[in-house]
Structure formats: structure tokens, C-alpha cells
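To start, the structure itself, in C-alpha cells.
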Amino acid sequence: MARNIGGVVADFDDVWRSRRGDLEPIGHLLRYRAGDTWVRFHTLPGAKRFPRNDAERRTVFSRHRAVLSELCSVTATSPQDLRVMTSGWSSSPEPAGRSTRLVAAFGESAYWRSLLVDDDTDHQWWQHIYIGTSTLGSPRLRALLRLVADDRAGDVVITSTGAEWLYHPYDGGGDVIAPTQAIRDGLRDKFFRWLPPNAEGL
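Structure below.
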């Protein structure tokens, strides 16, 4: 990597706090805080959840890449310098590592922060978030998105260096948190064939 990953994390922490405030970067919860800037796209025809062959995996990746490329284009942010959040989980607030398969697929990342995501009377569960860098065309990003598509990695969030937009890929699609409602609407219009068929947009 061109820069020390620790410095990347420190810079990103400043950016996140400035632009996103106290928003918790938990992928599957982002849409609840996004209001009218959220839109979801499906990554396979017919709202199919999981790819079953190489052709379907290519479709999944091409849709992720198309949405990410458009986000970079309409916000004048660089597809060559993305920030990628991945996570590990544990019952302790002490930072826990990520899964072996995730590390093997995506590689180097540095610890950023831990969030309490489940606090019932008998058990606590913490999410430990790591920051890595990638380009849009990187094989490691493709490998990560394949894990997500196969439901072997969760709560991945991809964004720009300035956190102008957020993209949460999940098994079956991707949630966009756009900078503005107008940009959200433009994405809906461009990729309307990939929109969920139900009224809730899910």
C-alpha cells in the first residue's frame, strides 16, 4: 500500500467524525439512518440471493462495480482510492481479529473501532471494525465481494476517502447511502432494472 495503513485509519477517523458524526458504521443498519438518501439494488435477476455458478458471480460483481463506479463519477471521488470496512466479532470490547478467510481474501487492514451491537442481560456482543484501502478494479475487492455474495462475510462498507457516500454490499444486493436525494434519484433512474420489486425497496 502506498501509505501507512495506521495513518490512513487516523485520517479516516477524522473524516468520519466530521462528515458522519455519531453514525455507527454497521452495514445492515445504515439504511435506517439514511432517510431519503438510501436506495437498494439487487445483484441478480429475480431478487435471487446467492450466485450458483461463475456466470452469476460475474453478474453480481459487475453490478456492484457499476454502482460503485457511478457513485465515484457523480461525486467526483476517486475509484483508485477507496476505503473498505470489514469486521470481526467477539463477546469482549477488546479488538478481535477478522476471520481467516476474510483476511486471506482482502488482506491488510488496520483496527479502527469497536461497537457494542448486542447488550442483553446475559450476553454482550461487540463488532470490531477494520479499515483497508482498495481500488475499484482490485482483485482483492473482487474476492471480498465474492465472500459477501456467498454469505461468508458480513457488514462490509465501502466508501470514498471523504466518506461522501457509503455502499453496503450484502448477499443479494447492495445498499447505497448517497450524498443527496438528487444523487439517490439519479442512481435509481440509471439502474432501475435492478431495483427491488416491492414498495418498501427491499
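With the sequence shown counted from 1, adding 1 to any position gets you the working numbering. We put the CB at the ideal spot given by N, CA and C, even for glycine. No experiment lies behind these values; they were computed from the predicted model shown.
What is the rounded straight-line gap between the Cα of residue i and the Cα of residue j?
i: F62; j: T44; result: 8 Å
i: R185; j: W166; result: 10 Å
i: A56; j: V9; result: 35 Å
i: S91; j: V157; result: 17 Å
i: C73; j: R99; result: 28 Å
i: W113; j: N5; result: 14 Å
i: L196; j: G175; result: 10 Å
i: H29; j: A77; result: 26 Å
i: P80; j: T60; result: 20 Å
i: D210; j: S93; result: Residue numbering for the chain in the displayed model covers 2 to 203; residue 210 lies beyond these limits and cannot be assessed.
i: R53; j: D82; result: 31 Å
i: R206; j: R18; result: Beyond the ends of the chain as shown, which are 2 and 203, falls residue 206; an answer cannot be given.
i: T160; j: W127; result: 22 Å
i: R34; j: T101; result: 31 Å
From the DSSP output, read off the bridge partner residues of residue i.
i: W39; result: I178
i: T134; result: R84
i: H29; result: Answer is none; H29 lacks a bridge partner.
i: H129; result: G89, S115
Which of the three DSSP states, helix, strand or coil, is assigned to residue i?
i: L24; result: coil
i: V157; result: coil
i: K49; result: coil
i: E201; result: coil
i: R194; result: helix
i: A164; result: coil
i: S70; result: helix
i: S139; result: coil
i: D186; result: helix
i: D152; result: coil
i: T60; result: helix
What are the boundary residues of the beta strand (DSSP E) that residue i is part of?
i: L167; result: 167-171
Secondary structure, alpha helix (DSSP H): runs of 4+ residues fully inside the segment 75-127:
Within the segment 75-127, the complete alpha helix (DSSP H) runs of at least 4 residues fall at 101-107.
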